[in-house]
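There are 4 protein chains.
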Amino acid sequence: MSKKYHDIRESAYEANMQLPKLGLVLFTFGNVSAADREERVFAIKPSGVPYEKLSPKKMVIVDFDGNIIDGDLRPSSDTKTHAVLYKHWENINGIVHTHSTYATAWAQTQRDIPIFGTTHADHLTVDVPCAPPMDDEMIKGDYEYETGFQIMNCFKEKGLSYEDVEMVLVGNHAPFTWGKTADKAVYNSAVLESVAQMAYLTEQINPSAPRLKDALIKKHFERKHGPNSYYGQ
Amino acid sequence: MSKKYHDIRESAYEANMQLPKLGLVLFTFGNVSAADREERVFAIKPSGVPYEKLSPKKMVIVDFDGNIIDGDLRPSSDTKTHAVLYKHWENINGIVHTHSTYATAWAQTQRDIPIFGTTHADHLTVDVPCAPPMDDEMIKGDYEYETGFQIMNCFKEKGLSYEDVEMVLVGNHAPFTWGKTADKAVYNSAVLESVAQMAYLTEQINPSAPRLKDALIKKHFERKHGPNSYYGQ
Amino acid sequence: MSKKYHDIRESAYEANMQLPKLGLVLFTFGNVSAADREERVFAIKPSGVPYEKLSPKKMVIVDFDGNIIDGDLRPSSDTKTHAVLYKHWENINGIVHTHSTYATAWAQTQRDIPIFGTTHADHLTVDVPCAPPMDDEMIKGDYEYETGFQIMNCFKEKGLSYEDVEMVLVGNHAPFTWGKTADKAVYNSAVLESVAQMAYLTEQINPSAPRLKDALIKKHFERKHGPNSYYGQ
Amino acid sequence: MSKKYHDIRESAYEANMQLPKLGLVLFTFGNVSAADREERVFAIKPSGVPYEKLSPKKMVIVDFDGNIIDGDLRPSSDTKTHAVLYKHWENINGIVHTHSTYATAWAQTQRDIPIFGTTHADHLTVDVPCAPPMDDEMIKGDYEYETGFQIMNCFKEKGLSYEDVEMVLVGNHAPFTWGKTADKAVYNSAVLESVAQMAYLTEQINPSAPRLKDALIKKHFERKHGPNSYYGQ
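Chains as they are written, first to last, in UniProt numbering: chain A, 1 to 233; chain B, 1 to 233; chain C, 1 to 233; chain D, 1 to 233.
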């Protein structure tokens with residue numbers, strides 16, 4: 001096993017182990033990867049291995065075209081989706097996929113999650129996008145590979161930047177999140193699950209609840225992300 | 001106590017102990033059994049014994065006609081339902097019954113759980129079937145025995161295979177799941193509870209949410225169960 | 001401190017400590033008592049003391065008219081309700097009051113909890129009764145004392161036996177449960193919370209879900225409570 | 001680091017550490033402060049520091065105009081809101097801000113939480129007030145400072161006393177609570193979250209559930225807060 005991938009194996013391992021602690025996965029229904037931009041590879045959870053049996057060295061090294069480079073185990077079945085996103089989105093170094101309860105329920109409704117409050121606006125200034133289910137031809141083809149393109153197409157059509165919006169729902173499937181590090185991508189998955197639960201409750205309590213007004217969206221985003229950002233609770 | 005049932009007692013014990021860890025039972029409201037096909041017997045949780053006081057040797061050995069073969073305690077009151085299923089479904093070696101919250105709520109509605117997403121499709125390609133409550137005559141008769149037939153009749157009428165669909169809701173009662181091992185049957189109970197919660201949320205968020213389209217159902221099932229299966233997250 | 005109340009102090013202490021473990025209380029929003037029928041007294045949680053600071057000797061001994069008999073602390077503010085029930089219902093030896101989430105929500109709706117399934121029928125064959133809020137004159141009077149009578153009046157008007165139905169919702173307030181022992185009363189509180197959550201979900205999933213049919217109600221009750229009872233999972 | 005602020009640093013630290021234990025925060029989405037009325041300063045959580053890395057000495061000392069007096073770290077981004085409330089409300093010594101799930105969902109609906117039961121009435125005799133989102137001009141200005149005034153204006157317009165009502169929802173944002181101590185303010189945050197969840201469930205179960213009647217509101221408040229108070233469970 002090559003030592004040159006030590007750091008991303010450690011990062012991917014640590015980030016994967018956060019998923020059960022944060023209540024985001026049942027059994028093995030999730031995976032995290034961490035990328036090395038210089039080597040153009042990423043370390044990802046092996047397929048079907050329970051979290052309690054993971055270790056850094058079990059992480060599989062895969063290149064941005066989805067080829068296995070190093071490791072004894074089969075990589076996660078979602079590996080090609082990760083590869084496509086790393087290949088095309090140059091500024092991300094971590095990706096997370098889960099089937100967390102509330103985010104997945106929203107994905108199953110094929111609806112974007114409306115921006116109802118500042119918890120949401122502290123992280124993104126638009127509704128959480130939901131990519132529509134892909135065409136039957138794409139499904140029959142290289143499905144996990146096409147899932148990556150389905151996500152990118154959704155961002156193009158909605159005019160979104162993957163650097164501003166670090167999360168997506170894949171319609172009828174489940175969420176993907178990403179970030180500058182694997183840790184940040186995990187953080188985004190937990191934020192998404194919380195935002196998804198609150199939006200669900202908001203609509204139940206008040207079916208005509210208005211979206212957050214523009215001035216508040218702008219303020220909350222800028223205090224965290226703007227040139228004079230100062231946010232942190 | 002006979003040593004020849006050592007293995008199924010261990011399997012049944014380990015599987016029963018998973019139920020409280022997975023949040024699927026309150027008090028003793030659940031039971032798991034593990035079968036030995038050669039001996040045509042199964043080991044099942046004793047009746048009314050709290051999980052923290054279970055041990056492998058307390059598991060009761062029962063044959064496929066529901067007769068107690070070995071053990072000092074009374075078997076679970078659902079024992080005859082397990083016996084009927086083992087007797088008629090030759091390829092299962094584990095059965096679980098729980099009153100887990102969301103699956104039981106669906107059972108109480110007498111509705112099948114619609115297939116809304118890939119979490120569901122990764123495990124079965126049809127709605128989770130809900131067997132109707134049985135006729136009054138069957139209820140007055142050998143109730144737990146008839147529950148087994150009620151489940152089998154439901155599968156016959158819907159044209160389902162117990163090997164493809166390893167779970168059922170018994171109307172107004174609660175879920176049963178099964179599998180090639182007791183561990184797999186417990187896994188199915190946890191998956192069912194998660195799918196039941198997500199389907200509930202999906203309908204709350206979008207009452208007109210469409211069922212998963214056929215191409216996605218087929219893809220997700222085949223990547224896990226088909227001849228070229230490769231699934232595992 | 002008198003030694004003659006040792007046993008009920010121990011019982012009340014052990015039962016009170018079950019409430020936080022079962023997720024039935026926030027802070028001190030609950031209390032359990034255990035009665036000694038010969039001495040015609042009961043031991044009850046002291047008022048406002050957090051569970052982690054309880055001990056058997058802190059339990060307060062009170063007679064069936066609500067007079068403090070032994071103990072250094074003030075008894076729970078609900079003590080008079082307990083006293084009234086012990087005085088008039090001769091066959092109970094434990095009472096529990098909580099503000100558990102789902103049961104309290106039902107109490108706030110002033111609705112009985114419909115019997116939707118066998119989880120409910122395994123414990124009682126009727127809807128969980130909800131006593132209406134009391135008249136303003138009773139509220140202005142000896143409130144906690146009158147709460148006991150409000151519960152008893154509800155049972156009289158509905159023709160219920162406190163031995164068959166060991167739980168009640170007090171409208172706009174919260175649940176009370178009881179039983180032959182303090183442990184059984186705590187068990188009933190946990191069952192009620194589970195039944196309340198499932199009934200809530202059942203109506204959300206299917207607003208026209210039918211009540212459990214009579215044959216099933218009868219069967220499930222009899223297998224647990226009838227002369228030939230055999231229930232236990 | 002000055003020793004004269006030792007006590008409020010300890011109080012603020014202990015109170016902050018209660019938030020994750022009570023399930024009221026995800027990551028760092030919350031903060032508690034504790035005031036020293038003689039020195040006219042308060043100790044508050046530093047910005048963006050995870051709870052597991054907090055210590056008393058990391059608490060930042062700020063005066064009632066929002067100026068940092070002592071400490072090496074940047075104070076919570078909500079510090080000015082705390083400062084405004086301490087400056088104008090003379091009898092509070094602790095403030096808590098969280099994004100707890102149910103209270104935040106209610107804030108997102110811009111609705112007051114109706115008083116449906118005695119759990120609510122034991123703590124306040126009116127609906128939990130929801131301050132409307134502020135005007136765009138205020139948002140563009142000194143936002144966190146204006147949030148404090150938004151809360152005070154809401155209380156003035158509704159004719160509420162901050163000593164009787166120790167909690168508020170800030171519309172589209174999240175709850176703030178306060179009290180005579182930081183511990184009491186944390187207690188109020190947990191009570192609010194529980195009341196918010198129960199009110200949500202009450203309306204789901206019975207959309208026409210009536211508010212608690214006046215006699216019960218009065219009784220429950222007086223037994224806890226009146227001149228002859230005796231409440232405690």
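Virtual Cβ for every residue (Gly too), placed ideally from N, Cα, C. These figures come from a predicted structure and were not determined experimentally.
For residue i and residue j, which I take to be in contact (beta-carbon distance under 8 Å), what is that distance rounded to the nearest angstrom?
i, j, result
"B:R211", "B:I115", "6 Å"
"B:I44", "B:T79", "6 Å"
"B:Y200", "C:I151", "With a Cβ gap of about 33 Å, B:Y200 and C:I151 do not count as contacting."
"C:M59", "C:A15", "At roughly 10 Å, the Cβ-Cβ gap does not stay under 8 Å, so C:M59 and C:A15 are not in contact."
"A:V32", "A:A215", "Contact doesn't hold; Cβ gap of about 36 Å is too wide."
Please list, in chain order, all residues of the same chain as residue i whose beta carbon is under 7 Å from its beta carbon, the five residues on each side excluded.
i, result
"D:I69", "V41, I61, V62, D63"
"B:A209", "F116, T202, E203"
"A:T147", "T81, V170"
"C:L24", "G30, T98, S100, S189, A190, E193"
"residue 234 of chain D", "No information on residue 234 of chain D is available, as it lies outside the stretch 1 to 233 that chain D covers here."
"D:H88", "M152"
"A:E163", "N91"
Would residue i pass as an interface residue toward chain B - the criterion being a Cβ-Cβ separation below 8 Å?
i, result
"A:H120", "no"
"C:L201", "yes"
"A:S161", "no"
"residue 236 of chain C", "Missing from the structure shown is residue 236 of chain C; chain C here goes from 1 to 233 and no further."
I want to see whether chain C comes within less than 8 Å of residue i, judged by CB atoms only; does it?
i, result
"B:N172", "yes"
"D:N188", "no"
"B:S55", "no"
"D:A215", "yes"
"D:N206", "yes"
"B:K58", "no"
"D:Q150", "no"
"B:Y13", "no"
"D:Q197", "yes"
Determine, using beta carbons only, whether residue i comes closer than 8 Å to chain A.
i, result
"B:K45", "no"
"D:L26", "yes"
"B:I68", "no"
"D:P133", "yes"
"B:R223", "yes"
"D:S33", "no"
Considering only residues of the same chain and omitting the five flanking positions on each side of residue i, which have a CB-CB separation below 6 Å?
i, result
"C:T109", "none"
"B:T125", "I217, F221"
"B:A185", "G94, I95, V96, T177, W178, G179"
"B:A103", "P175, L192, E193, A196"
"C:N122", "First, the amino acid is wrong: residue 122 of chain C is Asp here, not Asn. Correct list, in chain order: H220, K224."
"A:T118", "H220"
"C:M138", "E146"
"D:V165", "L124"
"A:A35", "F42, Y86, N93"
At a Cβ threshold of 8 Å, is residue i touching chain D?
i, result
"residue 247 of chain A", "Shown here, chain A extends from 1 to 233; a query on residue 247 of chain A therefore has no answer."
"A:K184", "no"
"A:K219", "yes"
"A:S194", "yes"
"A:A209", "yes"
Enumerate in chain order the residues of its own chain whose CB-to-CB distance from residue i is below 8 Å, with the five nearest sequence positions on each side excluded.
i, result
"A:L26", "H99"
"A:N172", "A107, Q108, Q110, P133"
Below 7 Å, is the gap between the Cβ of residue i and the nearest heavy atom of the ligand SAH?
i, result
"A:E90", "In the structure on display, the ligand SAH does not appear, and there are no ligands present to speak of."
Are at least three pairs of beta-carbons, each pair with one atom in the segment 65 to 84 of chain C and one in the segment 40 to 55 of chain C, less than 8 Å apart? Result yes; three or more Cβ-Cβ pairs closer than 8 Å.
Counting only runs that start and end within the segment 56 to 103 of chain A, where is the beta strand (DSSP E) found for 3 or more residues in a row? 60 to 63, 68 to 70, 94 to 98
What ranges does the alpha helix (DSSP H) occupy inside the segment 126 to 151 of chain C, keeping only unbroken runs of at least 4 residues that lie completely in it? 136 to 140
Of the residues that make up the segment 91 to 119 of chain B, which ones have a beta carbon closer than 9 Å to any beta carbon in chain E? The structure shown contains no chain E; the protein chains it does contain are A, B, C and D.
Three or more beta-carbon pairs under 8 Å between the segment 127 to 134 of chain C and the segment 151 to 166 of chain C, yes or no? yes
Complete beta strand (DSSP E) runs within the segment 2 to 62 of chain C (minimum length 3 residues, chain order): 30 to 36, 41 to 44
In the segment 159 to 229 of chain B, which residue ranges form an unbroken alpha helix (DSSP H) of at least 4 residues, counting only runs that do not cross its ends? 182 to 205, 214 to 225
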